Each structure stands twice: as C-alpha cells, then as structure tokens.
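Heads up: the protein sequence lines correspond to chains A and B, in order. Just so you know, we're using this note's numbering here: the first sequence kicks off at 1 and counts up by one. Just so you know, we're using this note's numbering here: the second sequence kicks off at 1 and counts up by one. What follows is a single structure, written as structure tokens, with notes after it.
Number of protein chains: 2
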Amino acid sequence: MLHDPAQLDLMFQALADPARRQMVDRLSRGPASVSQLAEPLAMSLSAVVQHLNVLEASGLVRTEKLGRVRTCRIEPQALRAAEHWINERRLAWERRLDLLGDFLAETKDET
Amino acid sequence: MLHDPAQLDLMFQALADPARRQMVDRLSRGPASVSQLAEPLAMSLSAVVQHLNVLEASGLVRTEKLGRVRTCRIEPQALRAAEHWINERRLAWERRLDLLGDFLAETKDET
DNA sequence: TCAATACTGAAGTGATTGCTTCACTATTGC
DNA sequence: GCAATAGTGAAGCAATCACTTCAGTATTGA
Numbered sequence: 001m002l003h004d005p006a007q008l009d010l011m012f013q014a015l016a017d018p019a020r021r022q023m024v025d026r027l028s029r030g031p032a033s034v035s036q037l038a039e040p041l042a043m044s045l046s047a048v049v050q051h052l053n054v055l056e057a058s059g060l061v062r063t064e065k066l067g068r069v070r071t072c073r074i075e076p077q078a079l080r081a082a083e084h085w086i087n088e089r090r091l092a093w094e095r096r097l098d099l100l101g102d103f104l105a106e107t108k109d110e111t
Numbered sequence: 001m002l003h004d005p006a007q008l009d010l011m012f013q014a015l016a017d018p019a020r021r022q023m024v025d026r027l028s029r030g031p032a033s034v035s036q037l038a039e040p041l042a043m044s045l046s047a048v049v050q051h052l053n054v055l056e057a058s059g060l061v062r063t064e065k066l067g068r069v070r071t072c073r074i075e076p077q078a079l080r081a082a083e084h085w086i087n088e089r090r091l092a093w094e095r096r097l098d099l100l101g102d103f104l105a106e107t108k109d110e111t
C-alpha cells in the first residue's frame, strides 16, 4: 500500500508545492489546526483547506475533527515511503559507480 | 546552493511527474541517451526532451552532448538534497513523539 | 440565545503543464 | 555526397492547478 505507485505519485505531487511543503514543515514541529496552519501563509483560508486536502489525499497528513477544530498531524510512514523511493535510486547509482571503480582498478592491475 | 529553496522546489516539482520519475529510475541503472530514455515511454521524442529539460533544470540530471547523442546521467547530490529535506521533517516529528513519550512516562511516575 | 469562531463547498479565473505535430538542424555511416 | 539517425524548437491545445470570492454550516463561549 505504501509502495503503491499511485500513492507515491500523490505524495510527490503534494510535496511539489512550496505552500504545502511549508505546511508539512510546520506540522513536523507538532500538530496544528487549520487556522494555525494558515496563519503564516499569504492566502485565503479556503486555499489552505484545498492544500490540506491534497496533503491528506496523499497520505502525508492525517486530520481529525473535534468540535469545530480540525487538528492536523504528519504521517511519518508516508514521508518514509517518499524518502525510500529517492534513496533506492540514489543507492543504485552509487553502487554502479563503485562497481565501475572496482572494475577499472582491476583492469588497471592487469595491464 | 543545494538547500536553496528555489532549487528544492524545482526538484520536487520534477519528481512529481510519473514519466520523469520513470526516467530517473532508468538513469539510476546507468547513463542513457535521449532515445534510450524515450524507448519505454508512450509519448513522442519531443515530449521526452521536454521532461528531460525539466529534470536538468532541477539539477537531478546532468547531460552531455557528444556528436549527435546526448547522454544523460543522474546527479546523486541533488537526489540527496530532496531526501534530506524529507528526512529532517520526519525526524523532527519522531523526536517530538519520543520527548512526549518520555514526558508522559515521567508524569505517570510522579502520580 | 446570539454572536463570534472555525471551517466547508461551489463556482469562476488566469497561469501552467503535458502533451501533440511539424518543420528544422547537426552528425554519421556508407 | 546523401540518406538515415538523433535530437531541437515553436506553436497550439486541452486539462489541471492554485488560487479567489462568496455564501453556507456547525460549534462554542458569554
């Protein structure tokens, strides 16, 4: 479920917007209500709610409504999935470079 | 330079598209020409070149033209920067949870 | 009970994206 | 030299995006 390519798509798309990354950044320091999330952003509350819905659909953020206040928090598992995708590709490349290095060193020895 | 928020923006935006992620995935297994990159993708060569330009502008991919062939390769440093941004936020959240856990454990002892 | 608070939802708008096609240039193998 | 190869660039187009405003609904504190 976490490595579902469609979910990964939603996550990277969610992270692509600077306002949404700022919201994730804020939430990494602790839960927040929609208004608290909106406070540092120069846009309407409606716009913030729309961003929040994108984040929630991506799985990066979970929200819970108590009374009239919606409290938002980060879902670290989802962050980990995005992190993992990048990490795998970077490691694949670096392993390739290491193997190539070894190969070049060996063939150098043989000449 | 690598933690320049504008560059980070370009990187996450570049990773938001599935075709571009597929290209990064292909390049993680080794360098490729534009045509090789295009081969598994169901779109025109022109479209692939446009995606490639986005990837290059973001710093995730570096290209080099020799004769009529443009060879593309991954820039692991840029991947690391995106990875790092996510990792920092996730760790901040997890540290917070740990501290909260400690606090709750302590106050429980005191009652 | 009534006003303030905290959102929610729909409609509209202008900008950006992800393609397409077509015409073009530069390089290379024969 | 000339055809095939490899890529480039511009124009156009439909869909999606990131907002806006405005009108609405619960919830809550005094």
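Glycine included, each C-beta is placed from N, C-alpha and C at the ideal position. Values in this document were obtained by computation on a predicted structure and should not be read as measured data.
Using a 10 angstroms sphere on the CB of Glu83 (chain B), the tally of other CB atoms reaches 16 or more, which defines it as buried. For a cut-off of 8 angstroms, the C-beta gap from Arg29 (chain B) to Pro76 (chain A) is around 29 angstroms, too long to register as a contact.
The beta carbon of Pro31 (chain B) is closer than 8 angstroms to those of Thr71, Cys72, Arg73 in its chain, skipping five residues each way along the sequence. Ala38 (chain A) is classed as buried because its beta carbon has at least 16 other beta carbons within 10 Å across all chains shown. Between Val34 (chain A) and Val54 (chain A), the C-beta spacing is not below 8 angstroms. Between Val24 (chain B) and chain A, the shortest Cβ-Cβ separation is below 8 angstroms.
Arg70 (chain B) is outside the set of residues whose beta carbon lies under 8 angstroms from a beta carbon in chain A.
With respect to Ser58 (chain B), Ala14 (chain B) sits close: the two C-beta atoms are nearer than 8 angstroms. For the 8 angstroms CB-CB criterion, Leu60 (chain A) and Leu79 (chain A) form a contact. According to the DSSP secondary-structure assignment, Ile74 (chain B) is paired through a beta bridge with B:Val61. Here Leu99 (chain A) is exposed: its Cβ has fewer than 16 other Cβ atoms, across all protein chains shown, within 10 Å.
Trp85 (chain B) places its beta carbon less than 8 angstroms from that of Leu8 (chain B).
Short of 8 angstroms from the beta carbon of Ala6 (chain A), and not among the five residues preceding or following it, lies no beta carbon of its own chain. For Pro40 (chain A), the closest Cβ of chain B is not nearer than 8 angstroms.
Annotated three-state conformation of Ser33 (chain B) is strand, per DSSP.
Distance check between His51 (chain B) and each of B:Met23, B:Leu66, B:Gly67, B:Val69 places B:Met23 closest, using alpha-carbon atoms only. For Asn87 (chain A), the C-beta contacts it makes with chain B under 7 angstroms involve Glu83, in order along the chain.
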